[in-house]
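According to my numbering, the stretch in the sequence shown is residues 14 to 415, in order.
Only one structure is covered here, and it is reproduced in the block below.
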Amino acid sequence: MTQDFSGFSESDPLHIETLAIRTGQLRTSEGSHGEPIFTTSSFVFESAAQAAARFAGTEPGFIYSRFSNPTVNAFEQRLAALEGAERCVATASGMAAILSTIMALLQSGDEIICSRSVFGTTNVLLEKYLKKFGVVTRFVALTDSAQWQAAITPKTKLLFLETPSNPLCEVADIPQLAQLAHANNALLVVDNCFCTPALQRPLEMGADIVLHSATKFLDGQGRCIGGAVCGSKVLMDEVYGFLRSAGPTLSPFNAWVFLKGLETLSLRMQAHSANALRLADWLEQHPAVEKVYYCGLPTHPQHLLARKQQDAFGGVLSFLVKGGREQAWQVIDSTKILSITANLGDTKSTITHPATTTHGRLSDADKAQAGITENLVRVAVGLEHINDLKRDLARGLDRLRG
Ligand SMILES: *Cc1c(COP(=O)(O)O)cnc(C)c1O
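Following this line, the structure appears as structure tokens:
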């Protein structure tokens with residue numbers, strides 16, 4: 014049983030906070046207020062004829078949970094509403110979202126242009142695995158439109174990026190890159206993990222596909238792994254077709270966790286952003302800090318662009334301490350509240366040294382090109398009180414100064 018929202022007109026749609034709570038509501042015949050978890054691998058039919066009709070696709074309905082499941086569907090509908098997508102397809106992880114998109118839409122000989130500053134495993138997937146099947150990726154600098162333009166060939170099928178980027182918080186011009194993609198019969202794919210639809214809706218700006226690691230801010234409390242792909246019905250039907258055959262589907266339990274996560278998403282993203290901006294301001298004033306990378310700071314080179322395409326600046330920032338690896342590690346090791354872990358998008362703040370963890374695999378030359386220096390520290394700002402976070406970081410930073 015789902016709720017009927019007809020009567021709210023197209024010209025005056027429901028707000029994102031409401032959609033995040035009310036879309037995809039799922040109630041049992043008993044009238045459960047909370048969405049139930051359908052822990053079932055398969056669904057029964059009333060007759061052989063109904064089974065045949067379901068398999069033939071002439072009658073809608075559930076068949077098997079690798080294909081679809083009511084709890085998973087509820088999550089898909091809710092996220093689609095937030096991203097303004099015709100359809101969303103949930104996946105077992107963020108990486109499965111990326112893999113499924115590429116497997117469904119590309120073939121051997123096609124080319125991808127990808128921002129150099131994407132999630133490390135995305136790089137591995139493209140360079141090590143997809144390359145084996147003849148899909149070639151060219152890497153470019155996220156904010157240099159001339160490089161994107163120069164990398165286009167008649168074989169280009171996808172432009173792929175994350176914005177803001179990790180860990181330097183660079184911001185890509187989504188409408189401009191969408192235009193470039195479309196002028197060349199290619200699709201623009203945006204990994205919207207850092208902003209989430211609560212702060213940025215790439216489809217409204219011309220992107221064709223938005224994908225997510227739901228593991229991060231959509232869950233928001235570091236509980237489970239999942240992902241999603243959103244876009245037009247035509248494209249998502251293809252992605253769904255791959256997923257149904259290859260099998261990296263989302264579990265109903267994880268879908269339920271993400272459904273609940275979405276209900277508080279707007280509130281959390283505003284709070285993460287407010288905490289991160291205060292922390293960035295404070296770090297910028299600290300004498301042991303050489304530079305802060307956060308697109309919410311007026312000193313950030315793409316600050317105006319970030320203001321234009323985002324509703325706030327997100328929860329991830331990084332900074333350079335004065336010194337090198339030893340000083341960066343000292344600041345990290347002096348914290349008692351922040352968790353030393355590479356994960357992000359959690360209520361718990363985390364701190365990491367990109368050069369030796371998330372970006373440790375890169376060659377020295379690639380690190381230098383990507384701006385991943387030994388004195389760089391990344392903080393994914395959680396929802397603890399800002400003064401406690403400052404106190405925790407001050408312990409190590411004050412010692413450096415002295
Ligand atoms: C974590 C992450 C991924 C991968 O997601 P998983 O859920 O870990 O598979 C992809 N993109 C970005 C930006 C991420 O932060």
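The C-beta atom is built at its ideal place from N, Cα and C for all residues, glycine as well.
The model shown is predicted, which means the values in this text are computed figures rather than measured ones.
According to the DSSP secondary-structure assignment, ALA110 is paired through a beta bridge with no residue. By the Cβ test, the region 194-206 is in contact with the region 224-234, since at least three Cβ pairs between them sit closer than 8 Å. No Cβ-Cβ contact shorter than 7 Å links GLY358 with ARG281. For SER55, the CB stays at least 6 Å from every heavy atom of ligand 1.
Per DSSP, PHE68 lies in no beta strand (DSSP E); the unbroken alpha helix (DSSP H) holding it starts and ends at 61-69. For the pair GLY244 and ALA109, the CB atoms are not nearer than the 7 Å cut-off.
The three-state reading of DSSP puts ASP359 in coil, since its state is none of H, G, I, E or B. Closest option to TRP161, judged by alpha-carbon separation, among ASN197, CYS182, THR134 and THR370: ASN197. With a threshold of 16 other beta carbon atoms within 10 Å, THR41 falls short and is exposed.
Look at ILE238: its beta carbon is less than 6 Å from one of the heavy atoms in ligand 1. Boundaries of the beta strand (DSSP E) around HIS225: 222-226. In this structure, LEU119 keeps its C-beta atom at 7 Å or more from the C-beta atom of LYS168. Residue environment: HIS46 is assigned as exposed (fewer than 16 neighbouring CB atoms within 10 Å of its CB, all protein chains considered). Residue ranges of uninterrupted beta strand (DSSP E) with 3 or more members, entirely inside the region 265-317 and ordered along the chain, are 302-306. Judged by beta-carbon spacing, TYR307 lies within the 7 Å limit of CYS182, meaning their Cβ atoms are closer than that value.
Counting other Cβ atoms within 10 Å of its Cβ, ILE126 reaches 16 or more and is therefore classed as buried. Annotation for ASP25 indicates a beta carbon at 6 Å or more from all heavy atoms of ligand 1. GLY274 and CYS101 have their C-alpha atoms spaced approximately 16 Å apart. Distance between ARG79 and LEU155, taken at the CA atoms: about 36 Å.
Under the 10 Å beta carbon count, LYS229 is surrounded by 16 or more other beta carbons and is classified as buried. The alpha carbon of CYS208 has as its nearest neighbour, out of GLY395, LEU389, ILE385 and GLU175, the alpha carbon of GLU175. Ligand 1 approaches THR228 closely enough that one of its heavy atoms is under 6 Å from the residue's Cβ. From the listed residues LEU112, GLY147, PRO180 and ALA61, the smallest Cα separation to ALA383 is found for PRO180. For the region 90-169, the full-length beta strand (DSSP E) segments reaching 3 residues or more read 100-104, 124-128 and 149-153 along the chain. Using a Cβ distance threshold of 7 Å, ASN86 and PHE51 do not count as a contacting pair. Taking the C-beta atoms as reference points, THR363 is found nearer than 7 Å to THR354.
In the three-state scheme derived from DSSP, where H, G and I count as helix and E and B as strand, ARG257 is classed as helix. Under the three-pair Cβ rule at 8 Å, the region 298-312 counts as touching the region 328-346. In this structure, ligand 1 has a non-hydrogen atom nearer than 6 Å to the beta-carbon of MET108. Looking from the CA of ALA93, the closest CA among ARG129, GLY37, THR135 and THR134 belongs to GLY37.
The alpha-carbon separation between ARG320 and GLY70 amounts to approximately 45 Å.
Excluding five sequence positions before and after SER158, the CB atoms of its chain that fall closer than 8 Å to its own CB belong to ASP186, GLN189, LEU190 and LEU193, given in chain order. Between the alpha carbons of THR84 and THR53 lies a distance of about 10 Å. ARG391 is bridged by DSSP to SER331 and THR365.
Within the chosen limit of 6 Å, ligand 1 reaches the beta carbon of ASP204 through at least one heavy atom.
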